[in-house]
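So the sequence shown is numbered by the numbering used here: it starts at 46 and just counts up by one.
Note that beta-carbon positions come from the ideal geometry of N, C-alpha and C, so glycine has one too.
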Amino acid sequence: DEALNRILDRALTDSQSGLGALRVTVTQEARRRLINFANGDARALLTALEFVAIQAPKPSNGTTLLDDSVVMAALLKKTLRYDKAGEEHYNLISAYIKSMRDSDPDGALYWLARMLEAGEDPKFIARRLVIFASEDVGNADPSGILLATAVAQAVQFVGLPEAQINLAHGTTYLATRRKDNSSYVGLLEAVEDAKALGNLGVPLHLRNAVTSMMREFGYGKGYRYVHDDPGAKETQTHLPEALKGRRYYRPKE
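This is how it looks when you write it as structure tokens:
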């Protein structure tokens, strides 16, 4: 503790690389709390001191006073922050997405607030909204992707802190929409077939005959132009023979 006290004193008086120019005063109780928080780590102590000084109320007399209540409040806020590559990063975004998926705007707003308070990049959250709009809302409300994209653009244009309002707007809108993941599920099934069955040939009638030789080989033969032949929509096939009758897109009622 003596060594950390000396480091703390140097940081408070050093005007070049410390906080000397800010004229910061730390009470004994606040000093003890900072040192206990650092748990023997000098770098953690200096990082915490700088964070608390930045968070502290702006002084009217030119001297920033860090008492125990100021330090405790700032350190509590600091503990909300997390490593963006760590487990809690993924836990919070998972809770956020699942709340929206389950149509719970209150849960979604809480987890949104937790991420923002923890210092999450708002652009990351906006990207997840855009993905969610297609993956979980889908064609149940096609305007969802338009709003999510608008939110993402607004976040980039406005920036924090006001961008939080845009994120809350998009979050509550998508959380309260009907949900339909049929497009996403259908894509996954089609990808599985593409991997399992390899490069199945394109049916001849769907191929574009751009040369006379292609026409001789039957490219485009039998293709029915649906604008002139509406019945083609019901009878013309568009999948390889091995997948004839396969249904990928099954929209929910």
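query	result
Quick one: Cα of S188 to Cα of E180, how far?	13 Å
Near H214, what residues of its chain come up, given a Cβ to Cβ distance below 7 Å and the 5 sequence neighbours on each side ignored?	V196
Could you tell me the distance, in whole angstroms, from the CA atom of F202 to the CA atom of T221?	25 Å
Sorted by chain position, which residues of the same chain lie with C-beta nearer than 8 Å to R17's C-beta, five sequence neighbours on each side aside?	An answer regarding residue 17 cannot be provided, because it is not within the stretch 46 to 298 covered by the chain.
In the structure shown, what three-state DSSP assignment does T70 receive?	strand
Would you say V116 and R78 are within 9 Å of each other, going by their C-beta atoms?	yes
Note down the Cα distance separating G85 from L49, rounded to an integer number of angstroms.	7 Å
Quick one: grab the DSSP three-state call for T194.	helix
Give me, in chain order, the residues of the same chain whose beta-carbon lies closer than 7 Å to that of W156; leave out the 5 immediate sequence neighbours on both sides.	L137, A140, Y141, S144
By Cβ distance, which residues of its chain are closer than 7 Å to R146, with the 5 residues on each side in sequence left out?	D181, K224
What residues are listed by DSSP as bridge partners for T109?	V69
Check the C-beta distance from Y294 over to S228 and give it rounded, since I have them as a contact under 8 Å.	7 Å
Does the beta-carbon distance from A83 to L90 come in below 9 Å?	yes
To the nearest angstrom, how far is the alpha carbon of G183 from that of A199?	21 Å
Less than 9 Å between the beta carbons of F262 and L219, yes or no?	no
Could you tell me the alpha carbon to alpha carbon distance between H283 and H272, rounded to whole angstroms?	16 Å
The alpha helix (DSSP H) with K289 in it runs from where to where?	Neither: K289 is in no alpha helix (DSSP H) and is coded neither H nor E.
With a CB to CB cut of under 6 Å and the five nearest residues on each side skipped, what residues in its chain are close to V71?	L111
Please confirm whether A119 and T109 have their CB atoms less than 9 Å apart.	no
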